[in-house]
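Residue numbers (my numbering), protein chains in the order written: chain C, 2 to 500; chain P, 3 to 321.
For each residue, glycine too, the CB sits at the ideal point set by N, CA and C.
Computed from a prediction, not measured in an experiment: that's the story for all the values here.
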Amino acid sequence: MDTVDGLEFRNVTKSFGAVKALRGVSLTVLPGEAHALVGENGAGKSTLLKILAGIVQPDAGDIRWSGERLHLGSPREALERGIGMVYQEMLSFPNLTVAGNIFAGRELTTRGGWLRGNDMRSRTKALLDELHLPIDPAAQAESLSAAHRQLLQVARALAFDCRILVLDEPTTSLTDAEADHLFGVLEKLKARGVTLLYVSHRMPEVFRLCDRISVLRDGVHVETVERRSITPEHVVRAMVGRELPPRSSRETRADAGLRLEITGLTRRPCFRDVSLTVREGEIVGLFGLVGAGRSELLETIFGLYPPDAGEIGIDGTPVAPRSPYHAAKAGIALVPEERQRQGLFFNLTIRHNLVLPDRTIRGDTLVRTERERQEAQDLVARWRIKTAGVEVLPDHLSGGNQQKVVLAKWLATSPRVLLLDEPTKGVDVGAKFEIHEIIRREAARGLACLVASSDLPEVLSLADRIVVMREGRVQGEIAAAKASEEAVMHLATSLERAS
Amino acid sequence: MKRLWQIRELSTVAILILEIAFFTWWLWPDGGRTHPFLNWDNALLILKYSSIYAIAAVGAAIVIISGGIDLAPGAVMALTGVVGSDLFVTHGWSLPASMLAGIGVGLASGVVSAILIVAARLPPFIATLGMMGIARGAAFIITEGQYFDVSSRLIGGWRPFGLPADWVAPLVMIVLALIFQVLMTGFQWGRAVFSVGGNETAALFSGIAVNRVKLSVYAIAGLTAGISGVVLVLVQGQGKADLANGYELDIIASAVVGGASLSGGRGSVIGAVLGTLIFGVLRNALPQIPGATFYDRLIVGVVVIAIVVMDQLLLKKRG
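Written out as structure tokens, the structure reads:
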């Protein structure tokens, strides 16, 4: 085989169970260039990065540097090969000093094992000066601003003489000014010959920094293009361009009453001035990329956090839920994003799990075991939850059936408004279809549904209307009949405003 | 219906029976003398002293099931016992009134712990560690190193509700254990405690008033520790500041041996009570074995570890 200069992925394949995350990805990052890796959520970007970082091992294929095959068995090995990572979740050791963070795991010591604190601090100082960062090496990492902590990771990678610096959505939690500073540093590094691999879905950043752009979609490398010869619109099309699933043909009656009405709802710093409505029997999709503020919005409507400003109305009556209990009493239910952490009790049986919200809201005093068993069995049969019975714990259920339990326990409360946060995250295709059917059927019976999802095909096939959020703001609203993946993605990546 | 082997309390009962059988065999007397361990007087003695632990263990188990921990019961027992006996002996209050006041102090200490945990967001370990110091300290301040002689002020042959005085502790224990067992298994409140202990985030997302549940469990722990302290004073006849020293660890160990999981969401009131009986039998029988005197703490420690390890192995099997 011919050798290529730079970092080369050759036919990298990785599956997690039945999910094929990467299907033979081959692409090359040239030495000294800034290379962007873009794709929708779930396109395989993170998996590719994890393989590069030595966290995950590929099923097949390999990674080469100038033709030499790299064995990346652990993050440590990746670091020693000169691959520096800057992660989205930034802070490695909030409890250590700046110098401690930079040298964590590779401390300078004397022969006897004694830490050479002064040396580490002076090396850190030199490094920070080079990056023009006015940070005290002895400061606690947790006292730094978000941008400085992000840059601290860059400095840490540089301290290990990295040849290639990988950045995974580094600006997610930065303000514009902070991001500017980061870009200044990155541009300087690029000028010094450091190879950059930049992962993001923000087109303006990608087009500002990168020389070439590689697009991943559904675990496949679609194309690698020169920035100069391409428009952002082309890249977005490449990211989403796939067959559309069949569009739902249901029509919401125009005279249907407003069930949920949100006006100017604000909770800083998560979202600002959000207004939207959901009619009786309507399914509204809430689309946005990671960090758009969707979950936070739903959790605020559900009373988990008090809003800074704005109003929530149910059936024309203003409500101000102080807690999920009050929200549920007012007829709002939330199927949360993380069913394992937020939805299920693994110490309680399916029966307890299924009846808990209903009984809590009704304020029952006594546990009526027989009646509960009957109700739980009815719910299991009605929503076709595959379980060995209602008296078993939920940990043996598949992801899809666990999700159906969470959905069923809230539908049992007969809510007026159902909020769903990533309702099919991590479930198989069959369960996904069934969950969509449940949502459609309940909507047909008049339930108002607000579905937050970063799964664009899901939003397009399920929703009657799509509200797009970006960075805590509503960017626009599109009727499903007129929506295309490109149009929605444009709004979500803020290439242009809705016409 | 649950199958028999799935009822966790049964394994605790089995251990207790094995334990009693072992000591009956080991301490079997020569000739026709009465058995030093297996006789009614000794059984009542074991029951009486175990009850002191068991009453407080009722509340401790509920706290542990809710995912928390209470380090204060020993110290709260001392404080409530001292307050009750002080009012009875030096201030001339009637016995019921002074004992009720003592129990009130216990309840109040539980409420204070709860407020520290819920409102000030202290970790339960820290809040109740602080409460442990405060309660013990307050007991020393009140007694000024003296003790209150309760027994001499009680009329000879004192028979509360017409019952022998020795029965008071076991009866109180049985009544409390039954009440709270039913509350924990048959009432929505108990299920809320299990759900908060099993998954606090999911409980919040399910509309459960998590803070109110936490408040209630620490208040109950204070209440049961208070009742236990008052009963202890009546059993021992003295109110002093070093009562129930170190009991908190035995109480927590009893709850765990009885099936409670320190990570929350699992356990039972009856199990914790049975756990105190396991330790009560050990404490009673070991000193009767010649030469075992110096070994009893060690044996108690080994028993705790052995039972918990066995339980985890069984749990895997039941899985």
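Within 10 angstroms of the beta-carbon of R82 (chain C) lie 16 or more other beta-carbons, which makes it buried. Look at the beta carbons and you see the stretch 131-144 of chain P not touching the stretch 13-26 of chain P: under three pairs across the two are nearer than 8 Å. Per DSSP, reduced to three states, the secondary structure at W42 (chain P) is helical.
Proximity of D365 (chain C) to chain P, defined by a Cβ-Cβ separation below 7 Å, is satisfied. Under the Cβ criterion of 7 Å, I210 (chain P) is counted among the residues facing chain C. The alpha-carbon separation between G224 (chain P) and I253 (chain P) amounts to approximately 13 Å. Against F150 (chain P), chain C offers no close residue; the least beta-carbon distance is about 41 Å (beta-carbon pairs closer than 8 Å). With respect to the C-alpha of L198 (chain C), the residue from C:L31, C:G258 and C:L23 having the closest C-alpha is C:L31.
Think of a sphere of 8 Å around the beta carbon of T361 (chain C): the chain P residues whose beta carbon falls inside it are Q190, A194, S208, G209 and I210, in chain order. Ranking P:V259, P:V306 and P:V283 by CA distance to the CA of A63 (chain P) puts P:V259 first. By the Cβ neighbour-count rule, I157 (chain P) is exposed, with fewer than 16 other Cβ atoms within 10 Å of its own. For the stretch 332-352 of chain C, residues whose beta-carbon sits nearer than 8 Å to a beta-carbon of chain P comprise L335, P337, R342, Q343, G344, L345, F346, F347, N348 and L349. Under the three-state reduction of DSSP, V275 (chain P) is assigned to helix. If you draw a straight line from the Cα of S399 (chain C) to the Cα of H353 (chain C), it is about 18 Å long. In terms of Cβ geometry, T187 (chain P) and Q343 (chain C) do not form a close pair [threshold 7 Å]. The stretch 274-284 of chain C makes no contact with the stretch 320-338 of chain C, as fewer than three CB pairs between them are under 8 Å.
Sixteen is the threshold: since fewer than 16 other Cβ atoms of the shown chains lie within 10 Å of the Cβ of D177 (chain C), the residue is exposed. Its chain contains I54, I57, A58 and M79 as the residues whose beta carbon lies nearer than 6 Å to that of S230 (chain P), once the 5 sequence neighbours on both sides are disregarded; these appear in chain order. For the C-beta of Y306 (chain C), not a single chain P residue is nearer than 8 Å; the gap to the nearest is close to 11 Å. Around the CB of E143 (chain C), fewer than 16 other CB atoms lie within 10 Å, so the residue is classed as exposed.
Rounded to the nearest whole angstrom, the C-alpha separation of L300 (chain P) and V306 (chain P) is 10 Å. Listed along chain P, no residue sits closer than 8 Å to A377 (chain C) by beta-carbon distance, the nearest being about 13 Å off.
Linking D359 (chain C) to K410 (chain C) through their CA atoms gives a straight-line distance of about 7 Å. Burial of S296 (chain C) is indicated by the presence of at least 16 other C-beta atoms within 10 angstroms of its C-beta.
Counting only runs of 4+ residues, the alpha helix (DSSP H) found wholly inside the stretch 195-249 of chain C occupies 204-210 and 233-241, in chain order. If the five residues before and after A139 (chain C) are omitted, its C-beta is found closer than 6 Å to the C-beta atoms of T98, all from its own chain and listed in chain order. Between L29 (chain P) and A246 (chain P) a beta carbon distance of about 28 Å is seen, past the 8 Å cut, so the two are scored as non-contacting. Taking C-alpha positions only, R340 (chain C) is separated from H491 (chain C) by approximately 30 Å. Between I143 (chain P) and T318 (chain C), the alpha-carbon positions lie close to 58 Å from each other. Taking each of P:S13, P:R10, P:D43 and P:F25 in turn and checking the Cα distance to Q290 (chain P), the smallest one comes out for P:F25. Within the DSSP secondary-structure output, A409 (chain C) pairs in no beta bridge. Sequence-distant partners of R24 (chain C) (beyond 5 residues in either direction) whose C-beta falls short of 7 Å from its own C-beta, in its chain, are T14, G220 and V221. Contact check for M470 (chain C) against G265 (chain C) fails: the beta carbons are separated by 7 Å or more. The beta-carbon separation of G69 (chain P) and I222 (chain P), rounded to 15 Å, does not stay under the 8 Å limit for a contact. Using a Cβ-Cβ distance cut-off of 8 Å, the stretch 108-125 of chain P and the stretch 213-221 of chain P are in contact, since at least three pairs of beta carbons, one from each stretch, lie closer than that value. Along the stretch 259-274 of chain P, going in chain order, the ones with a CB nearer than 7 Å to a CB of chain C are G267 and R268.
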